[in-house]
Amino acid sequence: FPWELVSRIGVYSQAVYSQVVTVIQNVVHKPPVQVMRAWYY
Numbered sequence: 029f030p031w032e033l034v035s036r037i038g039v040y041s042q043a044v045y046s047q048v049v050t051v052i053q054n055v056v057h058k059p060p061v062q063v064m065r066a067w068y069y
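According to the working numbering, the sequence shown holds residues 29 to 69 in order.
Quick look at the structure:
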């Protein structure tokens, strides 16, 4: 699956948000990362 096709990343918490932002900081394609608690149940 091409990473460039990822249009955004939804995460459950601010802690996971911080981890994801750290992981993608050195890649060319950086889709927006958002805390989306409503996506999870």
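C-beta atoms are modelled at their ideal positions from N, C-alpha and C, and glycine is treated no differently.
For GLN47, the enclosing alpha helix (DSSP H) has its first and last residue at 42-52. Check the Cα spacing between SER35 and each of PRO59, GLN53 and VAL48: the tightest is with PRO59. Check the Cα spacing between PRO30 and each of TYR68, HIS57, VAL48 and VAL51: the tightest is with HIS57. Within the same chain, VAL61 come within 8 Å of VAL49 by CB-CB distance, once the 5 residues on both sides are set aside.
Per DSSP, VAL34 has no beta bridge partner at all.
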